[in-house]
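Numbering (my numbering), first residue to last: 55 to 178. Using N, Cα and C, we set each Cβ at its ideal position, and we do this for glycine too. These figures come from a predicted structure and were not determined experimentally. What follows is a set of notes on a single structure, which appears directly below.
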């Protein structure tokens with residue numbers, strides 16, 4: 055990602071078939087100056103690691119892929135959340151694939167992983 059966030063206008067190819075995009079919502083995102091359009095996100099492991107599971111368990115689902123730069127700030131996320139909020143409805147499932155330990159030394163990565171593992175059951 056060269057800017058803050060990115061998405062794609064291309065469906066995602068998985069071992070279970072093609073996972074289609076919600077074209078209207080993706081088009082909304084790429085109109086924002088904070089979102090770049092990446093033609094092929096097949097290399098993006100955060101998206102493509104979960105895409106097959108979405109296709110398998112929700113075969114008729116459409117998705118709105120969002121990729122965030124490592125450098126994004128809380129303010130950037132607040133702006134993105136405001137843009138994404140109208141896209142969320144009663145039948146929306148939000149799936150986040152995040153590596154909080156990316157590029158960190160091993161002891162720090164282990165500490166972050168433990169924080170994440172403790173946060174999940176606390177629903178915090």
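- As summarised for the segment 81-129, the continuous beta strand (DSSP E) elements at least 3 residues long and confined to that stretch are 89-91, given in chain order.
- A straight line joining the alpha-carbon of residue 107 with that of residue 69 spans about 10 Å.
- With the rule of 3 Cβ pairs closer than 8 Å, the segment 61-75 does not count as touching the segment 141-151.
- The Cβ atoms of residue 166 and residue 151 lie no closer than 8 Å to each other.
- With contacts defined as CB atoms closer than 8 Å, residue 88 and residue 128 fail to qualify as a contacting pair.
- Of the residues 170, 99, 57 and 168, the one whose Cα lies closest to the Cα of residue 84 is 57.
- In the three-state reduction of the DSSP assignment, residue 138 falls in the helix class.
- Here residue 68 carries a strand assignment [DSSP, helix/strand/coil].
- Judged by DSSP in its simplified three-state form, residue 158 adopts coil rather than helix or strand.
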